[in-house]
Amino acid sequence: MLVYLLSSPCWSTDSNFILANAQVAKGFPIVYCSDGFCELAGFARTEVMQKSCSCKFLFGVETNEQLMLQIEKSLEEKTEFKGEIMFYKKNGELAFSDGYSLDSCERSPTFFQLPLA
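Take the sequence shown: its position 8, counted from the start at 1, is 8 in UniProt numbering, and no numbers get skipped.
Here it is as structure tokens:
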């Protein structure tokens with residue numbers, strides 16, 4: 001299934017994104033993270049796998065609490081969320097502040113797609 005998803009023209013392994021299992025309601029664990037995501041966030045793939053796709057591990061001092069709650073609600077309700085949010089690299093540096101998009105994959109509603117700018 002994952003190989004099929006990654007071969008889709010809308011997804012590229014050099015893009016910055018994660019895939020999460022939407023069938024596991026507790027935390028929606030990350031089941032794939034692209035090389036680009038790992039480079040951008042400063043985490044090794046093994047550090048990201050199985051963490052919640054809410055990406056709390058990327059939140060920092062300037063991350064808007066209201067947006068954090070909106071992300072959690074969107075995950076629970078399996079609805080789309082797009083917004084600008086402050087994320088931080090593993091070393092604490094600001095990594096990116098926009099481009100957060102949470103979508104159920106059109107081809108497989110069992111996965112969430114999270115591309116990051």
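Backbone N, C-alpha and C fix where the C-beta goes; we use that ideal spot for every residue, glycine too. What you are looking at is a predicted structure, and each value in this text was computed from that prediction instead of being measured.
Check	Outcome
Continuous beta strand (DSSP E) stretch holding K82: start and end	F81 to G83
Sequence-distant residues of the same chain with beta carbon closer than 6 Å to N91, five excluded per side	G42
Check: E80 C-beta below 7 Å from any heavy atom of the ligand HEM	Absence of the ligand HEM from the depicted structure is noted, as is the absence of any ligand whatsoever, leaving it without description.
Segment limits, beta strand (DSSP E) that includes residue 121	A question about residue 121 goes unanswered here, because the residues of the chain that appear run from 1 up to 117.
First through last residue of the beta strand (DSSP E) which encompasses C33	I30 to C33
Buried or exposed by the 16-neighbour rule on C-beta atoms within 10 Å, applied to L75	buried
Exposure label - A25; buried when at least 16 CB within 10 Å	exposed
N16 classed as buried or exposed, judged by whether at least 16 other C-beta atoms fall within 10 angstroms	buried
As assigned by DSSP and simplified to three states, the class of A41	helix
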